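J.:
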Amino acid sequence: MWLWLNKTSLRISLATLGPWAIVVLGLSAAVYQPLGPDLFVVVSTSVGLSPWLAALLAVFSTAGGGVLGYAIGRGLFGSIFKRILERKEQAIRKAEDWLSRRGLWVIAIAGISPIPLTQVTWAAGLLRMNFAIFVGGLFLGLVPRFLLEALFSNLIQCWFSHFPG
65 MWLWLNKTSL RISLATLGPW AIVVLGLSAA VYQPLGPDLF VVVSTSVGLS
115 PWLAALLAVF STAGGGVLGY AIGRGLFGSI FKRILERKEQ AIRKAEDWLS
165 RRGLWVIAIA GISPIPLTQV TWAAGLLRMN FAIFVGGLFL GLVPRFLLEA
215 LFSNLIQCWF SHFPG
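Under the numbering used here, the first residue of the sequence shown carries the number 65, and numbering increases by one thereafter.
Structure representation (structure tokens):
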């Protein structure tokens, strides 16, 4: 049933897909994907891929996915939610003001933490956050996240090797 949880199946899948798995998951993670490229960065050495290359691919593809999420929030959801929330105009203005003052850190924290980046990128687009600050926040959060995963990938794999499967 949960074939991807089996270590052997996962290694075969990753070896087959290679770096493209990281790119596809990174791009789709911020649009809507429950599993980001983190797992692929961590197990990259077991399939013959440099963890540093995996981290680099993860940073740029996830940032690209974040930009897509921003565009979705700004375009598609912008028109839909603005009509729904017209009665809450004061709350929207307050949220826009808050995001304009603290947006860099909101995006950075969402990029490095388990906070769902998808919803944060959509909200940033919906509230028309400054795009340059948005992208800066993405990289401020994603770079340390994936570099730490690459740095500790061997240690994490060693820890997981103690589990059956």
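All C-beta atoms in this analysis are idealised placements derived from N, C-alpha and C, irrespective of residue type, glycine included.
Predicted model only: the values in this text are computed from it and were never measured.
1. So for R192, helix, strand or coil by DSSP?
2. Excluding five sequence neighbours on each side, which residues of the same chain lie with their C-beta closer than 7 Å to the C-beta of G200?
3. With a threshold of 16 other CB atoms inside 10 Å of the CB of W186, please say whether the residue is buried or exposed.
4. Less than 8 Å separating the beta-carbons of S108 and S177?
5. By how many angstroms is the C-alpha of L206 removed from the C-alpha of I136?
6. Going by alpha carbons, who is nearest to L132 out of L190, L204, L120 and A119?
7. DSSP three-state label for L113, please.
8. Can you give the Cα-Cα distance for R166 and L204, rounded to whole angstroms?
T.: Result, derived from the coordinates:
1. coil
2. L168
3. buried
4. no
5. 20 Å
6. L190
7. coil
8. 14 Å
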